[in-house]
Each structure stands twice: as structure tokens, then as C-alpha cells.
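The opening position of the sequence shown corresponds to residue 279 in the working numbering, with each subsequent residue numbered one higher. Cβ atoms here follow ideal geometry from the backbone N, Cα and C, with glycine treated the same way. Fair warning: this is a prediction, and the values are worked out from it, not measured in the lab. Comments concern the structure below.
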Amino acid sequence: MLNKVAFTALLAIGVGATYASPKDDVIAAAKKLAEADNYTWTSRTEGGGFGGGAVEGRIQKDGLTWMSMDMRGETVEAIAKGDKVLIKTDDGWITPEQASQGDAG
279 MLNKVAFTAL
289 LAIGVGATYA
299 SPKDDVIAAA
309 KKLAEADNYT
319 WTSRTEGGGF
329 GGGAVEGRIQ
339 KDGLTWMSMD
349 MRGETVEAIA
359 KGDKVLIKTD
369 DGWITPEQAS
379 QGDAG
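Structure below.
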């Protein structure tokens, strides 16, 4: 009888340790992400309209970020680091200021 109680107690402890809470899972994932040299992501919006489509990105530990997004049936690429941003056009890379002035080529 004592063996059954001990076995049940050990089983309960083992099962409890196996299933971490969602909060623990998020904390562990955040730590793993912080230790990584880089990571990628994809975001999709459904339902159409403005802002629909996919956004993909990669970010390095030093903050250099690449993004690709679908806008009005075209793919737009951008690179950013800190407050500096470049947007890829058919004629090369330009700043957001140049793009807003129509200097995209």
C-alpha cells in the first residue's frame, strides 16, 4: 500500500513538472529569443482592405532589420537600423523622405 502511495506521489510530481504553465512557456521563449543571434517572423492579415497581406521580417541582435510586405499587389522591402530606414525601389535603395517626395526614380 505504501508503495502505491509513493508511486502516486512521484507520478503527480513528475506530471506537474512536465506541464509548465503558459506564463512559464512565454518566459522561457522570451529568454531563448533574447539569446538568439537573430530571428524571423511572418504576420498575415485576413479580410482584405488596407493593410491586408503578409509582412515578413528578420532582425539581428545588433538591431539590423529587414522587412518585406505586400502593398497593393506589390512587394515592398525595407531595411532599418535604429532611426535609419531604406526602402528598395526598381532603381535602388532610397530613404522614406525621398519616397514621399516622389524621388523614387
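- Item | Short Cβ contact (8 Å threshold) for V304 with S321 | no
- For V293, which residues of its own chain have a beta-carbon under 7 Å away from its beta-carbon, when the five flanking residues on both sides are left out? Unreliable positioning characterises V293 in this predicted model, as indicated by a pLDDT of 48, which lies under 50. A coordinate reading is not provided.
- Message: Quick test of your reading: T353 and G335, contact by CB under 8 Å. State the CB separation rounded to the nearest angstrom.
- Response: With 8 Å as the limit, T353 and G335 do not qualify as a contact, their Cβ atoms being about 13 Å apart.
- 3-residue-minimum beta strand (DSSP E) runs that sit fully inside the stretch 296-340, ordered along the chain: 316-323, 331-338
- Message: Helix, strand or coil for V293? Go by DSSP, reduced to three states.
- Response: Confidence at V293 is low in this model, with a pLDDT of 48, below 50, so its placement is unreliable and the value that follows should be read with caution. Helix.
- Task: Please name the residue in Q338, I337, P374 whose C-alpha comes closest to that of K362.
- Result: P374
- Using CA coordinates, which residue listed in K301, D302, D340 is at the minimum distance from G360? D340
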